[in-house]
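Visitor: Take a look at the following structure, please.
In our numbering, the protein residues as written are 865 to 1497.
The structure is reproduced here in structure tokens:
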């Protein structure tokens, strides 16, 4: 038994002996030793002590950390003493039936019962009082330490907010001290919870907070929708204080942890998270051999993580960039160890011979093809690399999947394939055509199309974050530019969901939610860093880059799409090219590649992808359309 438990046991023993001594003096007077057989009485005291301690040990009353004790801990102590009192009373009756002189108390059985419980009741009260004093002493000792902690107001005095406050109060290493609750529940306003006052959330609360000794605000309302959370954050941002959020997993089986963190830009994009635990797709991938090309990239690595969670038979990561492949390999090995059969292959999707060896070696049942060049401005200057890697690389992997009897091939596409204005988008549209041309294959070929993902390599979020860290300025291409966003986990999950649907040569389109103005995104990221846009950090407009659209097209046009069982996944209605038609297009591109002329390659892409138009033309038409709509309004 630990020293602390021995100390508590010693205190309880002193309480019991003191109570017994007082009770014996009250019942028998100072000369009870002359009036009674005191040896028998002391024997009863020892037996009663053994009952008391034995009951508390049996009910694990000493397995509590009393500095954090609550109602359940005190009730356990009380209940164990009631059991001890009842057992000892019965024993006292047995002694009386054998011989009255062995009885501890009065000859009246009822009176003896009352006296037994008086000892245990008084002992329990003494022990509880000692624990209360101990807690009070510790809390009083914390006051000086707490003055160095950050004073916070917790928005939400419900169960989650109170739990957060308890955690912070009981943790002496926490750097936060809960000073106020803010709530709309009229039954709580003006009262205290855990000695913390509850103030009303109304239109005056922002000014009130400014007058209170509050340094930061924490939003502890996990059931709010994303739009409500964003609204709540923007409201409390008016205080000028740092606003944090408390993540509390509502699903106990999710494996997520409670986290007090800064508000992230993802929290402000008005998208509710998807419940992955209810996904029907898990059954499709479970127990199968899965090959993921580009498995070290932003989307590819997240696909690896989510596939690993659902117990595949084998997971093969294929990537040309060994550093990224190594990182995801190490992350998965740390998490799953030998439970996950994992292999990594460093290879290019252009190397048909090497790819053939990999397919023959592992015999994958599902292929997720995420390998691609995706950087728009860079591919404008390097069209040959985009065509070789995106178009012919996809063709290589798709043909080998068909040759080796792969069950399903899932292409990761992009919204930039819709009426493309750049080389990258046009090559990805060609990738979709490759998938569509294989409608008669024994292998199921599908493509999943979605927009920008937050935080992916080369995307706007890491760029803005780096620029803010360097003191600015934050650069945007145009104040009017808008984009659609989703998080990397959300995109990967919906890709797996769509890939599990039984269809051939379909293009699945993901609902990207509401469009986001890039200027608003930049301003919000600056504010999240505790800075003021245009004061602490400037925002510069540098002009559109080559191939860049001013307005991202809406992916979800209900008149052009069919619904699926998932409200966030649609199927595009499109005419699939035949294999002969695709081969003609590929021949045009091969010929252009041999010329080593960038202009001829661009012209070839415009020839094989009829919807490919220059960004200048598309942006000009978009501006004219907007002006006409504004004039009509």
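Even glycine gets a Cβ: it sits at the ideal position worked out from N, Cα and C.
#1: Rounded to whole angstroms, what's the CA-CA distance from residue 1055 to residue 1073? Just pull it up for me.
#2: Would DSSP call residue 1080 helix, strand or coil?
#3: Going along the chain, which residues of its own chain have a beta-carbon closer than 6 Å to the beta-carbon of residue 877, five neighbours each way excluded?
#4: Quick one: grab the DSSP three-state call for residue 1483.
#5: For residue 924 and residue 1039, what's the separation of their Cα atoms in angstroms?
#6: Would you give the residue range spanned by the alpha helix (DSSP H) that residue 1453 belongs to?
#7: How is the beta strand (DSSP E) around residue 1370 delimited, first residue to last?
#8: Is DSSP giving residue 1217 helix, strand or coil here?
#9: Got a sec, what are the start and stop residues for the beta strand (DSSP E) residue 1059 sits in?
#10: Which runs of the alpha helix (DSSP H) spanning at least 4 residues fall entirely within the segment 1253-1338, listed in chain order?
#11: For residue 1168, which residues from the same chain have a beta carbon less than 8 Å from its beta carbon, with the 5 sequence-adjacent residues on both sides left out?
#12: Can you give me the C-alpha to C-alpha distance between residue 879 and residue 870, rounded to a whole angstrom?
#13: Applying the 10 Å Cβ sphere with the 16-neighbour rule, what's the burial state of residue 1147?
#14: Using the C-alpha atoms, what's the distance from residue 1456 back to residue 1464?
#15: Report the option in 982, 1470, 1299 whose CA atom is closest to the CA atom of residue 948.
#16: I'd like the list of long-range same chain contacts for residue 1261, defined as Cβ closer than 7 Å, with 5 residues on each side in sequence excluded.
#17: Find the nearest neighbour of residue 1376 within the set 1355, 1362, 1370, judged by alpha-carbon distance.
#18: Should residue 1225 be labelled buried (16 or more other beta-carbon atoms within 10 Å of its own) or exposed?
#19: Can you grab the Cα-Cα spacing for the pair residue 884 / residue 874, in whole Å?
#20: Would you identify the three-state DSSP class for residue 1348, choosing helix, strand or coil?
#21: Among 1379, 1291, 1094, 1277, which residue has its Cα nearest to the Cα of residue 862?
#22: Which whole runs of the beta strand (DSSP E) in the segment 1387-1430 are 3 residues long or more, in chain order?
#23: Once you ignore the five residues that flank residue 1255 on each side, which residues in its own chain have a CB closer than 7 Å to its CB?
#24: CA-CA distance, residue 1078 and residue 1018?
#25: Just how far apart, CA to CA, sit residue 1119 and residue 1027?
#26: Could you tell me which of 995, 1046, 1059 sits nearest to residue 1085, measuring between CA atoms?
#27: Out of 1106, 1447, 1434, 1131, point me to the one whose CA is closest to residue 1349's CA.
#28: So, helix, strand or coil for residue 924, using DSSP?
#29: Name the two residues that bound the continuous beta strand (DSSP E) containing residue 1245.
#30: Thinking just about the alpha-carbon of each residue, which of 1173, 1201, 1263 is nearest to the one in residue 1215?
#31: I think residue 1297 touches residue 1441, with their Cβ atoms under 8 Å apart; what is that distance to the nearest whole Å?
#32: DSSP three-state call for residue 1042: helix, strand or coil?
#33: Does the structure place the segment 1396-1410 close enough to the segment 1333-1342 that three or more beta carbon pairs sit under 8 Å?
#34: May I have a chain-ordered list of the alpha helix (DSSP H) segments no shorter than 4 residues that lie completely inside the segment 1181-1240?
#35: Tell me whether residue 1117 sits in a helix, a strand or coil according to DSSP, three-state version.
Guide: A quick look at the data gives this:
#1: Counting from one through the chain shown, the residue named residue 1055 turns up at place 191. Counting from one through the chain shown, the residue named residue 1073 turns up at place 209. Going from the Cα of residue 1055 to the Cα of residue 1073 covers about 17 Å.
#2: For the purposes of this step, residue 1080 is identified with residue 216 of the chain shown, where counting begins at 1. Three-state DSSP puts residue 1080 in a strand.
#3: For the purposes of this step, residue 877 is taken as residue 13 along the chain shown, with counting starting at 1. Excluding positions up to five away in sequence, the list is empty.
#4: As a working mapping, residue 1483 is identified with position 619 in the chain shown. The answer is helix: DSSP assigns residue 1483 an H, G or I state.
#5: By one-based count along the chain shown, residue 924 stands at place 60. By one-based count along the chain shown, residue 1039 stands at place 175. Looking at the two C-alpha atoms, the distance is approximately 33 Å.
#6: As a first step, residue 1453 must be located in the chain shown, where it is residue number 589. Here the alpha helix (DSSP H) through residue 1453 covers 1443-1459.
#7: Here residue 1370 corresponds to residue number 506 of the chain shown, with the count starting at 1. Note, residue 1370: beta strand (DSSP E), 1370-1374.
#8: By one-based count along the chain shown, residue 1217 stands at place 353. Residue 1217: helix per DSSP, three-state reduction.
#9: For this step, residue 1059 is matched to residue 195 along the chain shown. Here residue 1059 belongs to no beta strand (DSSP E), and DSSP marks it neither H nor E.
#10: 1257-1267, 1287-1301, 1324-1333
#11: The sequence position of residue 1168 within the chain shown is 304, counting from 1. Contacts found: 1156, 1159, 1179, 1181, 1192, 1196.
#12: As a working mapping, residue 879 is identified with position 15 in the chain shown. As a working mapping, residue 870 is identified with position 6 in the chain shown. Cα to Cα, the separation comes out at about 14 Å.
#13: Here residue 1147 corresponds to residue number 283 of the chain shown, with the count starting at 1. Its Cβ having fewer than 16 others within 10 Å, residue 1147 is exposed.
#14: Counting from 1 along the chain shown, the entry for residue 1464 is found at position 600. Counting from 1 along the chain shown, the entry for residue 1456 is found at position 592. One C-alpha to the other measures close to 6 Å.
#15: Translated into positions along the chain shown, residue 948 becomes position 84. Shortest Cα-Cα distance from residue 948 to any of 982, 1470, 1299 involves 982.
#16: In the chain shown, residue 1261 corresponds to position 397, counting from 1. For residue 1261, where only same-chain residues beyond five positions count, the Cβ hits under 7 Å are 1157, 1213, 1219, 1231, 1233.
#17: What you label residue 1376 is simply residue 512 of the chain shown in a count that begins at 1. Selected option, being the one with the closest Cα: 1355.
#18: Here residue 1225 is taken as the residue at index 361 of the chain shown, counted from 1. Label assigned to residue 1225: exposed.
#19: As a position in the chain shown, residue 884 is number 20, starting the count at 1. As a position in the chain shown, residue 874 is number 10, starting the count at 1. Between residue 884 and residue 874, the C-alpha separation is close to 15 Å.
#20: Here residue 1348 is taken as the residue at index 484 of the chain shown, counted from 1. It is coil, neither helix nor strand.
#21: Residue 862 lies beyond the stretch modelled for the chain, which goes from 865 to 1497, so this question has no answer here.
#22: Counting only runs of at least 3 residues, the segment 1387-1430 fully encloses the following beta strand (DSSP E) elements, listed from N- to C-terminal order: 1403-1405, 1425-1427.
#23: For the purposes of this step, residue 1255 is identified with residue 391 of the chain shown, where counting begins at 1. Answer for residue 1255: 1291, 1294, 1295, 1453, listed in chain order.
#24: Along the chain shown, read from residue 1 onward, the residue named residue 1078 stands at position 214. Along the chain shown, read from residue 1 onward, the residue named residue 1018 stands at position 154. One C-alpha to the other measures close to 10 Å.
#25: As a first step, residue 1119 must be located in the chain shown, where it is residue number 255. As a first step, residue 1027 must be located in the chain shown, where it is residue number 163. Confidence in residue 1119 is poor, its pLDDT being 47 and thus under 50, which makes the residue's placement too unreliable to answer from.
#26: Position 221 of the chain shown, counting from 1, holds the residue named residue 1085. It is 1046 whose Cα lies nearest to the Cα of residue 1085.
#27: By 1-based counting over the chain shown, the position of residue 1349 is 485. That would be 1131, whose Cα lies nearest to the Cα of residue 1349.
#28: Taking the first residue of the chain shown as position 1, residue 924 is located at position 60. If DSSP states are grouped into helix, strand and coil, residue 924 belongs with coil.
#29: As a working mapping, residue 1245 is identified with position 381 in the chain shown. Premise fails: residue 1245 lies in the alpha helix (DSSP H), 1240-1245, not in any beta strand (DSSP E).
#30: Your numbering for residue 1215 matches position 351 in the chain shown. For residue 1215, the nearest C-alpha among the options comes from 1263.
#31: The residue labelled residue 1297 in the question sits at position 433 within the chain shown. The residue labelled residue 1441 in the question sits at position 577 within the chain shown. Right, their Cβ atoms sit about 5 Å apart.
#32: Position 178 of the chain shown, counting from 1, holds the residue named residue 1042. Strand at residue 1042.
#33: yes
#34: 1186-1200, 1216-1226
#35: Stepping through the chain shown from its first residue, residue 1117 is reached at position 253. At residue 1117 the pLDDT is 44, less than 50, meaning the model places this residue with poor confidence and gives no usable figure here.
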